[in-house]
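Residue numbers (this note's numbering), protein chains in the order written: chain A, 22 to 683; chain B, 20 to 209.
Even glycine gets a Cβ: it sits at the ideal position worked out from N, Cα and C.
Report on one structure; see the data block that follows.
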Amino acid sequence: MNPEIGHYALALALPVALVQAFVPLIGATRRDAALMAVAGPAALLQMLLIGTAFAALTQAFIASDFSVMNVYQNSHTAKPLLYKISGVWGNHEGSLLLWVAILAVFGAAVAAFGAALPDRLKARALAVQGMIGAGFLAFILFTSNPFLRVDPTPAQGLGLNPLLQDPGLAFHPPMLYLGYVGFSMAFSFAVAALLEGRVDAAWARWVRPWTLAAWSFLTVGIGLGSWWAYYELGWGGWWFWDPVENASFIPWLTGTALLHSAIVVEKREALKSWTILLAIITFSLSLLGTFLVRSGILTSVHAFASDPTRGVFVLVLLAIAVGGSLTLYAIKAPKLEPGGLFSPLSRESGLLLNNLFLATAAATVLLGTLYPLIAEALELGTLSVGAPYFNTVFVPLMVPLVLLMGIGPMMAWKRSDLAGVLGRLKGALVGVVVVFGIALALSGVDIIDIAGSAGIALAAWLFFASLTEWAGRVRLFKSSPADLWKRVSSLPRASHGMTIAHLGMAVLIVGVSGSSAWKQENILTMGAGETVTVAGFDVTFDGAELIRGPNYESVQGTFSATRGGGKAVTLKPERRVYDQPVQQTTEAAIHTTFWADLYIVLGDGPADTGRYVVRAYFEPFVPFLWYGILMMGFGGLVSLSDRRHRIGAPRKAAAIAEPIKA
Amino acid sequence: MSEGTSKPSSGRLTAIAPIIIVLLLVAVFAKRLIDVQDGLDPNQVKSVLLDTPVPDIDLPPLPERGPGLATENLKGEVTLVNIWGSWCVACLSEHPLLMEVAAENTIPLHGIAWRDEPQASLRWLARNGDPFDLIGQDPFSEAAIAFGVTGAPETFVVDSAGVIRYKHVGPITMTDWTETIAPLVEQLRQ
């Protein structure tokens, strides 16, 4: 396919997006069905056009068409096919194209599957989607065109940053964008509801699946990024509280809050105005992330081609989108009809508390991330905010939240009985004490051991409490196997999903606590034949040799590790120098047992001595981070497959007919 | 909490607050963008301390390796200050060169043990050799921030008046030493 066709399709998509943005909106105001009906076909056409553009760019990358500037700058013929494809979004222009492509797919999905939606809500939501699309398409076409040609055609490309030539990072941006852009649906529905002046259970039913899908993708996307940083950056750390990481984590926190508050809107028609605000804020924070990453105004370890001119454009987009929607909110929100009153002890109060903790956590992370900027703007001097701040403020917010997560799902709607709930959790409490005792017995009584064991006990609380709740739902110990199966399969998928996601969170907490408390590291210079002991592993350095990869040269070390005289495992960490662009990367060698990782990095040696700097880490419970994240993402998808999402937004009558306790 | 729903929507003020916060943030971002366009480098924590007096520091010594490092130790003659840590791999690669400099014994070389456990610093020095005259501990980055350090290793050349004249970011190679730092030290001595 010809790049010009892609360029042309992209240019056509902009006017289509503008039509989608304004015609249905006018139609909704005038109650003109014909004008509103433009929204659907426009959204489908937009997907077709942007899809064409995306396919054209992908084709140029696969065929190594270096007459396209973007391909020339970011690809190379010797690169494996996977990285040719991921090269499409491994750069600023292409990643934006992916962004609008996903936006267009989501818009088309509303057009195609939204038959049950009220006409005006649908028209308005699609119009808002059109506005977002128009903004980003203009951004691409005017400042970041991926289809620019270069003449004469270079014989070879400059290659992709080797740090990005990695399976974890190949899928990190698409996942992240599916999350960010998914939140745009919640945003569009929120703005549409404000224009409508009405928020009800049906609205929440429509917003929730989009939020769930976005949340699941974002969870996995952040996890992939963290996994990549863990094995590729060679420091054995999995989270650095870096501005770019925070930029994706803050919308995750508010998105998680939104996920839960939308349930309250759906079940109790309460927290409406707050939920609308969360939907606006979550997408705004996604846009803020895009702005921070691309404008180059913050210090970050994650290099991304940044350009202040583009920064100005994104800032204007951000100001219009966020400013516009929040102004609308300021005008319309006070007029939304308030919901019912809460009893302090009820499921909805629990969810409100959950929202308070999550929103506060998001605000503190946002403050820490932006504080250096704010301080500098107010001439308070230069400073950087690091992990100590984040850990100090974040952990105390998460502990009560997790305690609450154990109790909340057991509380009944409207009026619950705390004593009864705690009574049912007696078994879980016993389990917590036992786990805490075992953890202490195995680790020790240093302050760090106590802290680590307390973290694991907290995880145990969530784990046992979630299981207790699930077991109570399916009457695990009170019914015959056949009966049990019936109960398990008739329990709504959303309940299974919640249990899986909450269990995943518990597993994640084990990973966070354990790896923070008991990580061990040993940094030294080693020559061939020497042995070092790390956490019971005897690690012998067998030597290093020069090897040649498809597009790099590498010094590869060979280590054998044994524990307690058991079978030796071989680890081969590398220090690569890529041909194009010339850049050095470390490839850590990781030996994973179920519980822990042995992590070895080969460094430079003092010149000509045959000795190398070796960093050997023992990373207990790090695999649990990945198990936990996968469980959370899977839980989200299971919940998404719930029947009531699949059949779309049932009309009011159907909503009432369903059991309240679902 | 019993009026959970009405709380967030009660009154215009709470409805207007978000937009006000956002407007303030947009102003901050805009100012920052203008600064960046005017050439500010966001990766430079404190742009240039060059040709300014060394910051006020008074760092404690490593255990049983006294005394520590204070501002007055950096006055009177040309000195080098090296920021390192036992955790810093790049520091190890420049270490042989520092050992050579120390062996020549022509210029005082002081160290700042940055973000390190004192025992780890000492073990590292015992294993790899100790090229430093004075060492000050900086576990909480006070000196590192005052010096505008962005990462280890970094090396500062301080003239006899206690003014920072040069800053080298990253490990010093033989070329850096013979072509830049050593000539500069000579020149400053005259």
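C-beta neighbour in chain B for residue i, strict 7 angstroms
i      : result
A:L695 : One cannot answer for residue 695 of chain A here, as it falls past the ends of chain A, which runs 22 to 683.
A:H323 : Only weak support exists for where A:H323 lies, its pLDDT of 49 falling under 50; the coordinates are left without a value.
A:P355 : yes
A:G429 : no
A:L394 : yes
A:L336 : yes
A:V553 : no
A:A125 : no
A:V634 : yes
A:V343 : yes
A:A340 : yes
A:G257 : no
A:V286 : no
A:A351 : yes
A:A398 : yes
A:G332 : yes
Close beta carbons around residue i, own chain, < 7 angstroms, minus the five adjacent residues each side
i      : result
A:L563 : First, the residue type needs correcting, since residue 563 of chain A is Asp and not Leu in the sequence shown. So the qualifying residues of the chain are A549, T579, F580, S581.
A:A609 : Y252, G255, P594, Y620, I621, V622
A:S165 : H113, E114, L117, R331
A:E566 : Q577
A:L299 : T275, A278, L279, S282
Contact set for residue i: own chain, Cβ-Cβ below 6 angstroms, skip 5 residues either direction
i      : result
A:K682 : In this prediction, A:K682 scores a pLDDT of 39, lower than 50, which makes its location untrustworthy; the coordinate-derived value is nonetheless stated afterwards. If we look at A:K682 and ignore the five residues flanking it on each side, it has no Cβ neighbours.
B:T96  : Checking the displayed sequence, the identity of residue 96 of chain B turns out to be Glu instead of Thr. The residues are S179.
A:S370 : F363
A:A460 : S474, I477
A:R141 : A49
A:P194 : W110, S116
A:E490 : P430, M431
Closer than 7 angstroms to chain A by CB, residue i
i      : result
B:P37  : yes
B:R184 : no
B:R51  : yes
B:R134 : no
B:L111 : yes
B:F48  : yes
B:A122 : no
B:V41  : yes
B:V100 : no
B:V168 : no
B:V204 : no
B:V188 : no
B:V45  : yes
B:R237 : Lying outside 20 to 209, the shown extent of chain B, residue 237 of chain B is not represented and no answer is given.
Per-residue burial, residue i [other beta carbons within 10 Å of its own, 16 or more giving buried]
i      : result
A:L31  : buried
A:R368 : buried
A:W224 : buried
A:A136 : exposed
A:V585 : The question names Val, but residue 585 of chain A in the sequence shown is Gly. Looking at its Cβ environment, which holds fewer than 16 other Cβ atoms inside 10 Å, A:G585 is exposed.
A:K447 : exposed
A:M547 : buried
A:M431 : buried
A:V343 : buried
B:V55  : buried
A:P272 : buried
B:G104 : buried
A:G154 : buried
A:G458 : exposed
B:R31  : exposed
8 angstroms Cβ shell around residue i - same chain, five flanking residues per side excluded
i      : result
B:T199 : Y185, H187
B:L93  : V73, V100, H129, V177, G181
Contact test: residue i Cβ vs the ligand ATP heavy atom, cutoff 6 angstroms
i      : result
B:A121 : Ligands in the displayed structure: none, and consequently the ligand ATP is not present.
Can you list the alpha helix (DSSP H) stretches of 4 or more residues lying completely in the region 638-664 of chain A, in chain order?
-> 643-661
Taking the runs of the beta strand (DSSP E) that are 3 residues or longer, which of them lie wholly in the region 566-592 of chain A?
-> 573-584, 590-592
Note down, one range per segment and in chain order, each alpha helix (DSSP H) of at least 4 residues found wholly within the region 97-136 of chain B.
-> The qualifying runs are 108-123.
Segments assigned alpha helix (DSSP H), at least 4 residues, entirely inside the region 213-265 of chain A | Runs of the alpha helix (DSSP H) inside the region 213-265 of chain A: 222-253.
Taking Cβ-Cβ distances below 9 angstroms as the criterion, which residues of the region 524-546 of chain A are in contact with chain B?
-> E542, I544, L545, T546
Ignoring anything shorter than 4 residues or poking outside the region 142-218 of chain A, list the alpha helix (DSSP H) runs there in chain order.
-> 188-191, 193-217
At what residue ranges does the region 506-553 of chain A contain a whole run of the beta strand (DSSP E), taking only runs of 3 or more?
-> 541-547
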